[in-house]
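Structure record follows, encoded as structure tokens.
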Amino acid sequence: MPAKKKKLLALPLPQWRRLRGYAFDPGLSQQFATAEINEIVFRLPWDPDLRPGPVGEYIEVIDHDPASGCFYDPVDLNDPSLIASDGLLPDEGNPKFHQQFVYAVAMTTIGNFERALGRRVIWSRYNEKEATNERDEFIHRLRIYPHAFRGANAYYSPEKRALLFGYFPAVAVAKGAQLPGGIVFTCLSHDIIAHETTHALLDTILPKYLQATNPDVLAFHEALADIVALFQHFTFPAVLRHQISKTRGDLASQSLLGELAQQFGQATGLYGGLRDAIGKLDDATGAWKPRVPDPSDYESSPEPHARGAVLVAAVFDAFLAIYRSRIADLIRIATGGSGVLPAGALPPDLVNRLTQEASKTAEHILGMCIRALDYCPPVDLTFGDYLRAIITADMDLVPEDTRHYRVAVIEAFRKRGIYPRQLRTFSENSLRWATGSELDLSAVEAIQYLTEQLRPVLKSTEFRPTRFETFQTWRTFQIKVHGILSGKIDGQRLGNLEKITGLALSSASKISNLRKGSNGRPSFQVHAVRPVRRRGPDGGEVNQVVLAITQRRILKIGGHELSFTGGASLILDLDTLELRYAIIKPIGSAERFKVFMDWITGNPTVIALAGSEEAIARLHLHT
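Anchor point for the sequence shown: position 285 equals 266 in our numbering, and the numbering is continuous, going up by one each time.
Here is the structure:
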């Protein structure tokens, strides 16, 4: 009798895919002091369906170089030799490595957003013209073009739902280690890739933030993109240990951690990086000077990049304050209580502990900055609004702030003149958005009626196995909300909902320039439904859903059709079906309208950006 064949057990899929790349950009690999730390290995979740390109669940890399008239062969990251060797070695001259690197950094950035937000990223194209968004298009993958054009630029295109990276020759008098006239590939800069990926992520979460309705909106797009790129530096252990050792633990001094896009900056004639969160290099002397906080920083910086830099500096200041607090006991132990470190190199054990605290602090700050997006108004954001969003989101998740993170953030913003102008006190409780418990009884009844109507679909926001199914569920929810607000609610309930949302929902509205629907009521858009499920450090859970509802008043200015927008982010508690927060920008606010008109009138750059489908590309030309 022949022996029975044993069934082979299928091996489990790997948990991670490891890919080589740069911590910063190729320039630092050409310097003896930093070559060892600049080449790192990214660890990404294993995608079993990854195809050559790479083409994966979230991203599709398309390497077409129009300027050279060619397509480069796609890298196959499932090649056994590449799996065994952590991918291709870093190589400026190898297009396949370029493809590998943009994939690694973009996926790292997406992963940071998903962990902070507690949900999967869904790319979608928002249809401005459709009231219900029934024709929103599910975008399976964000496209990345590593060699999209020749030019010293890179940008996110909302129209193409793509990241486009340029390449260019360095100036003849390039600074630092950059070869004069040498080709610089923006797709080989970690900071530029992370920056552009963040633009795409922010646009899919808050699509109205590409409309320059006030000086802060586009500045915020730039600031958040820089914040994410900056704090991802702190996820690279070898880099962090090296820089902490070099600075003797003083991260407020000049270091690689606080600079962005060093190679790009040097290739365009600057001494240092394109931007620096904590200081700046004098273009004439090359000497580094720290940025000293000034309450006039915010008001005196109208240009988007300059104003965005103020927000980045404030966030970094908060990080430094918390980091110093977390290492204070370590310094006391290491110095016998004097607080003064002896001359010479720090002991390796102390460097490792400082590295752990810096990494943990950066992770917390980055998470706070990303989580706050769910607590922002859907339109017309100001930096003061963002501060309130950070504080509110953190109070929901971490009620007991024993390390005083929120105080550090508030103080750092105040020192640079960032605060909500309508508030008269400046504390955690006053900065927190007003809660639903402060509504009167009639308003509470209106919300209860809305949530009862939504109860069946509220329960359907639970986990779905694929991103497309998740998108379909959210879209069904959007249509349901729109149908209820546009037809099923009327009378006093409708009036109460108008007060809660700041929107014009009744056919009796006297607000001018509103478009009307077929039912005679003002049209509006339900353009986002975002589930919020997070667990705090004390085990407490946040289980909410965010409804983003917006409305437009159409204006003709300077030959352009512009929109004055209003909107509301309604945050509903999924456990109690009660309104947690209503974060609003009233469509009928005379004060808001005056500020908008003062800002837009006589500002040709803003009008051009408002009428452009490629606002980020135009904005980056002014970098």
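Note that beta-carbon positions come from the ideal geometry of N, C-alpha and C, so glycine has one too.
Since residue i contacts residue j with CB under 8 Å, what's their CB separation in whole angstroms?
i	j	result
H180	I597	6 Å
R229	L322	6 Å
I635	A563	This structure does not reach residue 635, given that the chain is present from -18 up to 604, and the question cannot be answered.
R413	I372	6 Å
S306	R387	In fact, because the Cβ distance is near 13 Å, the residues do not count as touching under 8 Å.
P512	R100	6 Å
V83	P127	5 Å
D67	V22	5 Å
Looking only at its chain, what residues have a beta carbon closer than 7 Å to the beta carbon of residue i, apart from the 5 residues adjacent to it on each side?
i	result
F623	Outside the modelled stretch of the chain, which goes from -18 to 604, sits residue 623, for which no answer is possible.
Q244	D6, P7, G8, Q159, V165, S170
R272	I259, G260, K261, A294
R142	W104, R106, I120, L123, R124
E20	R1, Y3, S10, P71
L484	F505, I530, Q532, G547, A549, I568
L362	Y190, D197, V198, F201
R445	T451, T454
W(-3)	R24, L25, P26, W27
At the level of alpha carbons, what is the spacing between residue i and residue j?
i	j	result
A175	S488	46 Å
R516	I492	42 Å
T178	V425	40 Å
L280	T194	Reading off the sequence shown, one finds Glu at residue 280, where the question assumed Leu. Using only the alpha carbons, I get a separation of about 16 Å.
E433	L422	16 Å
I303	D382	12 Å
G476	S411	27 Å
R502	G547	16 Å
G253	D60	Legend: pLDDT at G253 = 49, less than 50; position of this residue unreliable, value from coordinates given subsequently. Their backbone Cα atoms lie some 38 Å apart in a straight line.
G34	E41	7 Å
V390	P380	16 Å
A571	I530	20 Å
I208	V36	27 Å
A48	E38	29 Å
R436	G540	46 Å
Y148	D72	15 Å
E450	G92	20 Å
M578	I565	19 Å
P150	G74	14 Å
I125	I43	6 Å
E115	I465	Since pLDDT at E115 reaches only 46, below the 50 mark, its modelled position is unreliable, and the value read off the structure follows with that caveat. One C-alpha to the other measures close to 15 Å.
V291	L431	40 Å
T447	A549	28 Å
F545	V576	11 Å
H223	T89	22 Å
T342	V526	28 Å
T336	I312	13 Å
G163	R131	13 Å
Look up residue i in the DSSP assignment and give the residues it is bridged to.
i	result
G34	V56
E605	Past the boundaries of the shown model lies residue 605; the chain is included only from -18 to 604, so the question cannot be answered.
Y136	L145
P26	W(-3)
Q506	T531
D554	Q525
W104	I120
R131	Y148
Tell me which residues share the same chain as residue i and place their Cβ nearer than 6 Å to its Cβ, disregarding the 5 neighbours each side in the sequence.
i	result
T113	Confidence is the limiting factor: at T113 the pLDDT is only 46, short of 50, which leaves the residue's position unreliable, though a coordinate-based value still follows. So the qualifying residues of the chain are I460, H463.
G365	Y400, P401
H603	Because the pLDDT of H603 is 43, which lies under 50, any placement of that residue in the model is unreliable, and the number read from its coordinates should be weighed accordingly. Result list for H603: empty, nothing under 6 Å.
F52	H45
P276	G398
F374	Per the sequence shown, the amino acid found at residue 374 is Ala instead of Phe. Contacts found: R352, A353, Y356.
Among the options, which residue has its Cα nearest to the Cα of residue i?
i	options	result
F458	H508, E118, P380	H508
C357	V198, E140, L536, K396	V198
P(-7)	G325, W27, W414, G318	W27
D377	Q81, T90, L553, F119	L553
P274	A393, R514, A97	A393
I581	K537, E479, P567	K537
S226	G2, R445, F449, T15	T15
F78	R474, D54, R100	D54
L63	R(-1), I21, N19, S10	R(-1)
E338	L221, A87, R24	L221
L560	G320, H223, E419, R533	E419
A4	W(-3), Q12, I18	I18
L144	T167, S408, P161, G163	T167
T216	E344, E284, Y137	E344
E203	I173, T557, R405	I173
When the cut-off is 9 Å and only beta carbons count, does residue i lie next to chain C?
i	result
P196	Looking for chain C here will not work: only one protein chain is present.
Looking only at its chain, what residues have a beta carbon closer than 8 Å to the beta carbon of residue i, apart from the 5 residues adjacent to it on each side?
i	result
A606	The question about residue 606 has no answer, for the chain in this structure spans -18 to 604.
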